[in-house]
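If you want the numbering used here, it's the position in the sequence shown, counting the first as 1, plus 44. Glycine included, C-beta positions come from ideal geometry on N, C-alpha and C.
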Amino acid sequence: MSNIQYAVAEDGAHIAYRVLDPDPDQVSDFDIVMVSGGLIPLEVFDEEAGVARMLEGLKSIGRVIVFDRRAVGSSDPITDWDKPVLDIWADDLAAVIETATTGEVAVFAWDTFGVATRFVSRDPSKIARLILFQPRGGMDERWRAWAEERIAVVRSTIGQTDDDLLAQIAPSKAGDPSFREWYERAGRVGASPATADRVWQSVFGSLAEDQRRDLITVPTLVLNRPDSALFPPGTVEAFAAGLPNATVAELDGADTWPFVGDVDAVIAEIAEFLTGERRVPAPDRILSAVLFTDLVDSTRRAADLGDAEWKALLDRHDRAVRGAVGRCGGTVVKTTGDGVLALFPSAGVAVRAAQRLRDDLVPHDLEVRVGIHVGDIDRRGDDVSGLAVNIAARVMAKAGTGEIAVTASVVAAIAGQAAEFEPAGRHELKGVPGEWELFRFAP
45 MSNIQYAVAE
55 DGAHIAYRVL
65 DPDPDQVSDF
75 DIVMVSGGLI
85 PLEVFDEEAG
95 VARMLEGLKS
105 IGRVIVFDRR
115 AVGSSDPITD
125 WDKPVLDIWA
135 DDLAAVIETA
145 TTGEVAVFAW
155 DTFGVATRFV
165 SRDPSKIARL
175 ILFQPRGGMD
185 ERWRAWAEER
195 IAVVRSTIGQ
205 TDDDLLAQIA
215 PSKAGDPSFR
225 EWYERAGRVG
235 ASPATADRVW
245 QSVFGSLAED
255 QRRDLITVPT
265 LVLNRPDSAL
275 FPPGTVEAFA
285 AGLPNATVAE
295 LDGADTWPFV
305 GDVDAVIAEI
315 AEFLTGERRV
325 PAPDRILSAV
335 LFTDLVDSTR
345 RAADLGDAEW
355 KALLDRHDRA
365 VRGAVGRCGG
375 TVVKTTGDGV
385 LALFPSAGVA
395 VRAAQRLRDD
405 LVPHDLEVRV
415 GIHVGDIDRR
425 GDDVSGLAVN
435 IAARVMAKAG
445 TGEIAVTASV
455 VAAIAGQAAE
465 FEPAGRHELK
475 GVPGEWELFR
485 FAP
């Protein structure tokens with residue numbers, strides 16, 4: 045990541061930061077300083093679509109400043125391990141605010157453990173607004189037990205990927221190979237195993253301390269996903285109750301990081317809090333292979349099997365879908381009850397995933413029809429829209445039992461590869477202009 049600058053903390057440590065200029069039509073004069081979570085360095089922010097989307101959203105509100113805390117990424121290492129790491133990181137935030145901000149300051153923190161609240165309780169005059177995503181902390185026994193358990197887990201998985209933790213932090217992305225690859229890279233470049241061990245021992249060991257929330261008098265927005273399973277239930281609500289000037293906004297989803305799940309809902313709440321106007325950036329427009337599937341004769345099968353057996357069969361279907369899509373490098377956007385909408389980086393892998401899925405469902409006595417089209421889509425958060433999505437759905441409706449139907453765009457995209465297609469004639473697709481030449485994949 046280019047344009048890295050350095051702020052100097054009071055003890056002389058260098059803190060890497062980057063300024064992201066606002067969009068020309070930004071609607072506020074705020075400088076938004078982001079306190080990131082985990083040990084994710086700013087070097088990898090641009091490599092994950094959700095993080096990039098979140099930063100684009102923040103830039104639509106104001107000037108954005110991101111930074112690496114000490115011991116993370118491009119910033120200096122920690123030298124005084126006798127001082128609590130959370131206090132060191134609060135010093136780093138202070139240095140960045142002092143060096144990089146020029147207007148009113150809003151701090152957006154999703155570290156969950158209290159870097160921003162420690163800083164604000166120390167010097168509330170430095171910022172105008174505080175936004176906390178999933179803040180946690182407290183003195184009860186559940187919290188202490190959780191912290192002790194996390195220390196043990198961290199120590200046992202140093203230098204490895206903790207699959208259970210990833211599934212709790214980002215359940216909607218845990219099965220996505222590209223996200224997992226990014227997650228593992230972020231861990232490697234964020235901090236060394238020995239440093240990560242010392243950091244988390246200090247952080248988790250400080251969690252039960254009272255952060256004097258009564259001293260945080262600035263207007264505060266607390267963003268909460270109540271379905272998140274990483275921490276004990278009710279901890280966000282309990283934390284927010286101790287803030288004298290807090291507004292709580294509940295969001296859908298179970299992901300613990302704001303850039304996973306419905307990113308646009310997070311941005312909309314922040315925009316309204318800072319500007320009075322709910323606002324999100326324009327959708328991302330990308331070229332993608334769009335795949336739709338549908339179970340054949342699902343209504344009759346559901347009636348024959350009964351609710352319990354049919355639900356169990358659908359669960360097996362969903363596992364097979366996610367396995368086939370994931371192994372071919374695709375992403376499941378959403379399920380449709382008895383089908384799925386998925387995106388792929390190329391037409392070839394979309395066809396291979398469709399073939400794999402069809403074959404994987406045979407042992408479960410399930411048959412599918414599949415439609416694939418290549419075209420531009422609008423991506424907003426975790427959902428997609430656009431004519432290409434509608435076309436893929438209509439193409440699927442033209443497929444027969446066990447068939448993989450595709451448009452000419454798919455055939456052209458994989459010309460020269462080991463794939464054969466049979467002409468299926470020209471068709472009108474409901475709601476789509478013109479006639480479309482369709483093909484059947486012939487394995």
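For residue i, the nearest candidate out of the options (CA to CA)
i      : options                           : result
Ile59  : Glu92, Glu91, Trp133 and Asp75    : Trp133
Asp296 : Glu313, Pro288 and Ala284         : Glu313
Leu22  : Gly286, Ala391, Val129 and Ala437 : No information on residue 22 is available, as it lies outside the stretch 45 to 487 that the chain covers here.
Arg360 : Leu410, Leu318 and Ala326         : Leu410
Leu102 : Leu210, Ala138 and Ala150         : Ala150
Asp382 : Leu358, Asp404, Val369 and Arg366 : Leu358
Asp55  : Ser118, Asp124, Asp65 and Met98   : Asp124
Asp136 : Glu148, Ala160 and Phe152         : Ala160
Asp328 : Val77, Ala93, Phe74 and Asn47     : Ala93
Leu473 : Ala443, Glu464, Ala356 and Asp348 : Ala443
Gly475 : Arg229, Ala436, Gly460 and Arg484 : Ala436
Asp403 : Val384, Trp480, Glu142 and Val365 : Val365
Pro325 : Val52, Arg173, Pro68 and Gly158   : Pro68
Ala356 : His408, Ala368, Pro121 and Asp126 : His408
Glu148 : Asp73, Ala452 and Gln178          : Asp73
Ala468 : Val439, Leu349, Gly367 and Met98  : Val439
Phe152 : Leu387, Ile171 and Lys127         : Ile171
Thr146 : Gly430, Gly460 and Gly106         : Gly106
Glu225 : Ala238, Leu210 and Ser453         : Leu210
Ala368 : Thr239, Phe388 and Ala352         : Phe388
Opening and closing residue of the alpha helix (DSSP H) in which residue i lies
i      : result
Gly370 : Asp351 to Arg371
Pro121 : Note, Pro121: premise wrong, no alpha helix (DSSP H); not H, not E.
Ala476 : According to the sequence shown, residue 476 is Val rather than Ala. That residue, Val476, is in no alpha helix (DSSP H); it is neither H nor E in DSSP.
Ala144 : Val129 to Ala144
Val233 : Pro221 to Gly234
Asp241 : Pro237 to Gly249
Arg257 : First-last for Arg257: undefined, no H or E at that position.
Glu100 : Ala93 to Lys103
Asp167 : Element bounds for Asp167: n/a, residue is neither H nor E.
Val395 : Ala391 to Leu405
Val304 : That residue, Val304, is in no alpha helix (DSSP H); it is neither H nor E in DSSP.
Val280 : Thr279 to Ala285
Start and end residues, beta strand (DSSP E) containing residue i
i      : result
Ser429 : Asp427 to Ser429
Leu339 : Asp328 to Leu339
Arg322 : It is not in any beta strand (DSSP E) - Arg322 carries neither H nor E in the DSSP assignment.
Ile448 : Ile448 to Thr451
Residues bridged to residue i (per DSSP)
i      : result
Met78  : Val110 and Phe152
Asp410 : Per the sequence presented here, residue 410 reads as Leu, with Asp not at that position. Partner(s): none; Leu410 has no beta bridge.
Leu385 : Phe336 and Lys378
Ile59  : Ala51
Ile421 : Ile330
Phe485 : Phe465
Ile175 : Phe152 and Leu265
Thr291 : Leu265
Leu64  : Val108
Gly415 : Phe336 and Ala449
Other residues of its chain near residue i: CB distance less than 6 Å, five sequence neighbours each side excluded
i      : result
Met95  : Position check: residue 95 holds Val in this sequence, whereas Met was assumed. Phe89 and Phe303, listed in sequence order.
Arg155 : Position check: residue 155 holds Asp in this sequence, whereas Arg was assumed. Here the set comprises Val79 and Gly81.
Val266 : Leu176, Ala284, Ala290 and Val292
Pro263 : Arg173 and Asn289
Gly370 : Gly219 and Pro221
Phe223 : Lys217
Val428 : Val377 and Ile421
Cβ neighbours of residue i in the same chain (closer than 8 Å, five flanking residues each side left out)
i      : result
Ala298 : Pro215, Ser216, Arg269, Asp271, Ser272, Ala273 and Gly305
Gln399 : Ile448, Phe485 and Pro487
Val140 : Ala51, Ile59, Tyr61, Val77, Ile109 and Phe111
Ala463 : Gly392, Val395 and Phe485
Leu405 : His361, Ala364, Glu411 and Val412
Thr261 : Pro168, Pro288 and Asn289
Val243 : Leu83, Ala115, Ile122, Val129 and Ala235
7 Å CB neighbourhood of residue i in its chain, flanking five on each side removed
i      : result
Asp499 : Only positions 45 to 487 of the chain appear in this structure, which leaves residue 499 out of reach.
Ala432 : Val334, His417, Gly419, Asp420 and Ile421
Ala144 : Ala51, Tyr61, Val63 and Ile109
Leu339 : His361, Asp382, Gly383, Leu410 and Val412
*Do the region 385 to 403 and the region 416 to 433 make contact, defined as three or more Cβ pairs closer than 8 Å?*
The region 385 to 403 and the region 416 to 433 touch, with no fewer than 3 CB-CB distances between them shorter than 8 Å.
*On the three-pair Cβ rule with 8 Å, is the region 325 to 338 touching the region 370 to 386?*
Output reads yes: the region 370 to 386 touches the region 325 to 338.
*Counting Cβ pairs, one atom from each stretch, are 3 or more of them under 8 Å apart for the region 77 to 94 and the region 219 to 237?*
Under the 8 Å Cβ criterion, the region 77 to 94 counts as touching the region 219 to 237, having at least three qualifying pairs.
*Three or more beta-carbon pairs under 8 Å between the region 334 to 349 and the region 309 to 316, yes or no?*
Contact fails: fewer than three Cβ-Cβ distances are below 8 Å.
_Within 8 Å, do at least three Cβ pairs link the region 112 to 122 to the region 46 to 65?_
A contact is defined here as three or more CB-CB pairs under 8 Å, and the region 46 to 65 meets this definition with respect to the region 112 to 122.
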